[in-house]
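Each remark here refers to the structure printed beneath this line.
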């Protein structure tokens, strides 16, 4: 009979087993109803399997039964944190098929709205990321500022979350009188507050410890998995559809001065004051993805200012919407726009009637999330919310 | 590179793999056979002056009109499933559209899914996108590592984006209509 001193017995007693841990679908740090099944060996995660589809509404099928303008409200509900940018993506896709030329004033109006939407979305992304890591206050700070953007949007279109403001042809209405002043006041107020956010999170010692050097995504892998937006640029890939996209989309930003936010030769563009990159950070880790988002807020403020100048000096119409049941020419188009979370693509096939034969939404978060099993492998369980949170996903867009 | 030059190259390389092309539309496309698809994809990705390193989107379009009266008037010809691949290049900043035509059902037997080789080994994006196409449009991707439903529940019946799909009346006690 073996005794306790026998090393085989001791080894047998302390053996570890793999365990399946279910995270979600209601885990607060999963940004909606995402379920992650983790295969863990002790504290270390060896495999992550995301299960999605809890918010699936088959918006594409609905789109086959509605005219493009009627489908606009459904695009709001995809990425509900950046409804304006979703509206924009679909509107431009329809306009590309119609070969519609937007009036100059409408173009600048869209830039103002799209960049404000980007700020609002990145603020939530920042606040929610703080929540993921266990700090509550940045979330409240972020929502305080976002609230002001929602007020501006409410004044422009009457809605605070699902706007349906930008539609094929232009927008449902022009900006009201005095709106630009309010917007400028808001931007002036926001700029110094960004420094506060940097103190709260970006340069916070705990935040740096929690986010640096985890979830490293190499540029090759990011491209292979179709990651886009801040996730791609956080890995140091210099690619932004506002500059590199199709001409139909980039012409919206014609004449605007901006530099794509990403690390080049170890440096980020030197436009603004912001905290330096900590020595622990590795290109492509969670901290860099977060940082790109924060810098994009600064950039969006700048773009918004440029757009307001141009908008206020341009004459003519803001772009009347097309008819509710406008006949579409037969054909098919695909257009991607740079939404806050990445490249949002819409594909439409028309058979010549006013209702598209097929619509398709290419979701940016869908591709960004698909890389999660690669970047979570080998991380402790406690890092999983930090890694998945850094992808800044919105389940409404993934499940459509 | 202009459309014609590029096309001649592809045709020279793959011969019968290229079925037809349309360069006069807004987004020009090339139709390839399902057998040639993986090779064409690998070629597009690896060729130094093409470098289509990103697969943006995979879509399946069901060309089928369930209404017999309307079906007589359709302009697209025979019923079929068209799988559309959108590629782009990050370094070269150009795009391309590939299409593959498939029968709606394999061997014309309803319920047998049409088959297409998977490109998930070439582009990792294709993994989830092919699962979505399988889930919603009913296209079976051979050699896919994990072809299961992704958006609908695993026990869902039917392929919602098929034009003849009918909403189930009941799902686990939940009323459908």
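Chains as they are written, first to last, in this note's numbering: chain A, 3 to 402; chain B, 995 to 1171.
Where is the CB? At the ideal position from N, CA and C, for every residue including glycine.
All values reported here derive from a predicted model rather than from experimental measurement.
Rounded C-alpha distance that separates residue i from residue j
i, j, result
"residue 129 of chain A", "residue 203 of chain A", "9 Å"
"residue 1058 of chain B", "residue 1111 of chain B", "23 Å"
"residue 1006 of chain B", "residue 1075 of chain B", "27 Å"
"residue 322 of chain A", "residue 137 of chain A", "45 Å"
"residue 1154 of chain B", "residue 62 of chain A", "10 Å"
"residue 96 of chain A", "residue 169 of chain A", "9 Å"
"residue 162 of chain A", "residue 77 of chain A", "15 Å"
"residue 1014 of chain B", "residue 269 of chain A", "47 Å"
"residue 1079 of chain B", "residue 167 of chain A", "31 Å"
"residue 33 of chain A", "residue 366 of chain A", "15 Å"
"residue 298 of chain A", "residue 132 of chain A", "18 Å"
"residue 184 of chain A", "residue 197 of chain A", "21 Å"
"residue 90 of chain A", "residue 22 of chain A", "42 Å"
"residue 1156 of chain B", "residue 378 of chain A", "35 Å"
"residue 243 of chain A", "residue 1099 of chain B", "38 Å"
"residue 1037 of chain B", "residue 1087 of chain B", "17 Å"
"residue 65 of chain A", "residue 74 of chain A", "9 Å"
"residue 1106 of chain B", "residue 50 of chain A", "32 Å"
"residue 980 of chain B", "residue 158 of chain A", "There is no way to answer for residue 980 of chain B, as the model of chain B reaches only from 995 to 1171."
"residue 1043 of chain B", "residue 1000 of chain B", "11 Å"
Residue i, DSSP secondary structure in three states
i, result
"residue 1057 of chain B", "strand"
"residue 995 of chain B", "The pLDDT assigned to residue 995 of chain B is 47, lower than 50, so where the model puts this residue is not dependable; a value taken from the coordinates is nonetheless given after this. Correct three-state label for residue 995 of chain B: coil."
"residue 4 of chain A", "Low confidence applies here, because residue 4 of chain A scores a pLDDT of 48, under 50, leaving its location unreliable; read the following figure in that light. DSSP places residue 4 of chain A in coil when its eight states are reduced to three."
"residue 1161 of chain B", "coil"
"residue 43 of chain A", "strand"
"residue 293 of chain A", "helix"
"residue 38 of chain A", "strand"
"residue 1168 of chain B", "strand"
"residue 1051 of chain B", "strand"
"residue 53 of chain A", "strand"
"residue 402 of chain A", "coil"
"residue 109 of chain A", "helix"
"residue 233 of chain A", "helix"
"residue 1066 of chain B", "coil"
"residue 345 of chain A", "strand"
"residue 1141 of chain B", "coil"
"residue 322 of chain A", "coil"
"residue 48 of chain A", "strand"
"residue 317 of chain A", "coil"
Run of the alpha helix (DSSP H) containing residue i, from where it starts to where it stops
i, result
"residue 70 of chain A", "70–78"
"residue 223 of chain A", "221–226"
"residue 148 of chain A", "139–159"
"residue 259 of chain A", "No alpha helix (DSSP H) holds residue 259 of chain A; DSSP gives it neither H nor E."
"residue 403 of chain A", "Shown here, chain A extends from 3 to 402; a query on residue 403 of chain A therefore has no answer."
"residue 364 of chain A", "Taken as a continuous stretch (DSSP letters only), residue 364 of chain A belongs to no alpha helix (DSSP H), being part of the beta strand (DSSP E) at 360–364."
"residue 1037 of chain B", "1031–1040"
"residue 1071 of chain B", "Careful: residue 1071 of chain B lies outside any alpha helix (DSSP H) and carries neither H nor E."
"residue 252 of chain A", "249–252"
First through last residue of the beta strand (DSSP E) which encompasses residue i
i, result
"residue 1014 of chain B", "1012–1016"
"residue 1023 of chain B", "1023–1026"
"residue 269 of chain A", "Note, residue 269 of chain A: premise wrong, no beta strand (DSSP E); not H, not E."
In DSSP terms, what residue i is bridged to
i, result
"residue 973 of chain B", "Examination of residue 973 of chain B is not possible in this model, given that chain B is present from 995 through 1171 alone."
"residue 352 of chain A", "A:333"
"residue 1135 of chain B", "B:1110"
"residue 28 of chain A", "DSSP, once it has assigned bridges, lists no residue as partnering residue 28 of chain A."
"residue 265 of chain A", "Its beta-bridge partners do not exist; DSSP assigns none."
"residue 168 of chain A", "A:173"
"residue 338 of chain A", "A:347"
"residue 382 of chain A", "A:46"
Residue i beta carbon near the ligand MN (any heavy atom closer than 7 Å)
i, result
"residue 375 of chain A", "The ligand content of the structure shown is nil, which means the ligand MN is not present either."
Residues of the segment 1044–1061 of chain B with Cβ closer than 7 Å to any Cβ of chain A, in chain order: Going along the segment 1044–1061 of chain B in chain order, one finds 1047, 1048, 1049, 1050, 1051, 1053 and 1055 with a Cβ nearer than 7 Å to chain A.
What are the residues of the segment 363–378 of chain A that lie near chain B, defined by any Cβ-Cβ distance shorter than 7 Å? Against chain B - using a Cβ distance shorter than 7 Å - the residues of the segment 363–378 of chain A are 364, 368, 369 and 372.
With 7 Å as the limit, tell me which residues of the segment 1110–1125 of chain B have their beta carbon closer than that to any beta carbon of chain A; keep them in chain order. Here the close residues are 1117, 1118, 1119, 1121 and 1122.
Can you list, in chain order, the residues of the segment 48–75 of chain A whose Cβ is nearer than 7 Å to any Cβ on chain B? 54, 55, 58, 60, 62 and 63: these are the residues of the segment 48–75 of chain A whose beta carbon lies less than 7 Å from some beta carbon of chain B, given in chain order.
Select from the segment 1008–1025 of chain B all residues with a C-beta closer than 7 Å to any C-beta belonging to chain A, and list them in chain order. Going along the segment 1008–1025 of chain B in chain order, one finds 1019, 1020 and 1021 with a Cβ nearer than 7 Å to chain A.
Using a beta-carbon distance cut-off of less than 7 Å, what residues from the segment 1134–1146 of chain B approach chain A? For chain A, the residues of the segment 1134–1146 of chain B that bring a beta carbon within less than 7 Å of one of its beta carbons are 1144, 1145 and 1146, in chain order.
Against chain B, which members of the segment 329–351 of chain A pass a CB distance test of less than 8 Å? The residues in question are 332, 333, 334, 335, 336, 338, 345, 347, 349 and 351.
Beta carbons nearer than 8 Å to chain A: which residues of the segment 1083–1096 of chain B have them? In summary, the residues of the segment 1083–1096 of chain B whose CB is separated from some CB of chain A by less than 8 Å are 1084, 1087, 1089 and 1091, in the order they occur in the chain.
Using a Cβ-Cβ cutoff of 9 Å, what residues of the segment 1147–1159 of chain B are near chain A? List them in chain order. Listed in chain order, the positions of the segment 1147–1159 of chain B with a beta carbon within less than 9 Å of a beta carbon of chain A are 1147, 1154, 1155, 1157 and 1159.
In the segment 97–123 of chain A, which residues sit with their C-beta less than 9 Å from some C-beta in chain B, listed in chain order? Of all residues in the segment 97–123 of chain A, 98, 99 and 101 have a Cβ within less than 9 Å of some Cβ in chain B.
Quick one, which residues of the segment 1062–1081 of chain B are near chain A if we go by CB-CB under 8 Å, in chain order? Interface annotation for the segment 1062–1081 of chain B against chain A: 1068, 1069, 1070, 1078 and 1080, criterion Cβ-Cβ distance under 8 Å.
Positions along the segment 209–242 of chain A whose CB lies within less than 7 Å of some CB in chain B: Answer set for the segment 209–242 of chain A: 225, 226, 227, 228, 239 and 241.
Could you name the residues of the segment 375–401 of chain A whose beta carbon sits closer than 8 Å to any beta carbon of chain B, in the order they occur along the chain? Within the segment 375–401 of chain A, the qualifying residues are 401.
With 8 Å as the limit, tell me which residues of the segment 243–262 of chain A have their beta carbon closer than that to any beta carbon of chain B; keep them in chain order. Under the 8 Å Cβ criterion, the segment 243–262 of chain A contributes 246 and 248.
Chain-ordered residues of the segment 290–301 of chain A with a beta carbon less than 9 Å from chain B: Within the segment 290–301 of chain A, not one residue has a Cβ closer than 9 Å to any Cβ of chain B.
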